[in-house]
Amino acid sequence: MSASSSLQMSQGRSRYTIVLSIACVTQTFQITMIKLPNKDIERKYIRLRYNQIIGVDEVGMGCLAGPVVVCAGYFDKRYYSIKSNELSGVNDSKLLSANKREEIARSLIRNKYFRYKICLCHPRTIDRLNIHKASKLAMKRAVSTITRGTHAMVLVDGLHKISNLKIEQRAITKGDSKVFVIACASIIAKVYRDKLMVKYAKKYPQYGFEIHKGYGTKLHYVRLAVVGPCDIHRKSFRLS
1119 MSASSSLQMS QGRSRYTIVL SIACVTQTFQ ITMIKLPNKD IERKYIRLRY
1169 NQIIGVDEVG MGCLAGPVVV CAGYFDKRYY SIKSNELSGV NDSKLLSANK
1219 REEIARSLIR NKYFRYKICL CHPRTIDRLN IHKASKLAMK RAVSTITRGT
1269 HAMVLVDGLH KISNLKIEQR AITKGDSKVF VIACASIIAK VYRDKLMVKY
1319 AKKYPQYGFE IHKGYGTKLH YVRLAVVGPC DIHRKSFRLS
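For the sequence shown, the positions run 1119 to 1358 when this note's numbering is used.
In structure tokens:
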């Protein structure tokens, strides 16, 4: 069949419309463009004379086993005036492949402008405090360790601020998909925790931790039903 085709593109706020005409048949496709985290908020606070803009995020809150891992990180202010594509793939860690996360984590660790601190709360602490208090405790430790000088701003991923933190802060819903420095922290935390769960898999090979990283997958529940929980399972969580 002979066919003629034409391509038209019109751009809205964050959406492109592609119109294809083939043999007098017209189809319209709506394609939603992925918006990556940006540095707008960090640059805003730099203009307001903040000396340090810290992003903090956690990984592993919903897991049945293993610690909750937190990363607090920041870039030297000079970084925000430099044009570089080295970290152009930074996004919410949950939206990246394992290989891409590791690639970006290596770049972050090599970056001379980036500093970070990782803190964790292990299952016993999680069971004693509850997962929300434990994650905020780890956040507080990480931020307090990495803060230098005065006039810092902490950007926290999520709905809630860090309790009893004597540093100015702002909670940002879905911050890891909006704010560049939070997304960087989420990637570091995710890569660190995944590697830790692979190590646990060697100590506790019955559970498949290297596959599901402690999350409540069907495989994980099946293994729990067969062999029961181990030392790194969170006893306060529903394990069956």
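Positions of the beta carbon are idealized from the N, C-alpha and C atoms, including for glycine. Given the structure is predicted, the values throughout are model-derived calculations rather than measurements.
- Just so you know, the alpha carbons of Lys-1162 and Ile-1280 end up roughly 22 angstroms apart.
- The segment 1301-1314 makes contact with the segment 1167-1178; the number of CB pairs closer than 8 angstroms reaches 3 or more.
- For Lys-1235, the enclosing beta strand (DSSP E) begins and ends at 1232-1239.
- Just measuring C-alpha positions, the residue of Ala-1256, Gly-1267, Thr-1268, Tyr-1318 sitting nearest Val-1274 is Ala-1256.
- DSSP lists Gly-1173, Arg-1288 as the beta-bridge partner residues of Leu-1273.
- In this structure, Met-1271 sits near Ile-1171, with a CB-CB distance shorter than 8 angstroms.
- Residue burial is scored here from C-beta neighbours: His-1250 has fewer than 16 other C-beta atoms within 10 angstroms and is therefore classed as exposed.
- Between Ser-1295 and the set Gly-1346, Leu-1214, Arg-1356, the nearest pair of CA atoms involves Leu-1214.
- Separation of Gln-1324 and Gly-1346 (C-alpha to C-alpha, rounded to the nearest whole angstrom) is 10 angstroms.
- DSSP places Tyr-1192 within a strand segment (E or B) once states are collapsed to three.
- If you draw a 10 Å sphere on the C-beta of Thr-1268, you find fewer than 16 other C-beta atoms in it, and that means exposed.
- Contact between Pro-1155 and Asn-1209 is confirmed by a C-beta separation of about 6 angstroms, below the 8 angstroms threshold.
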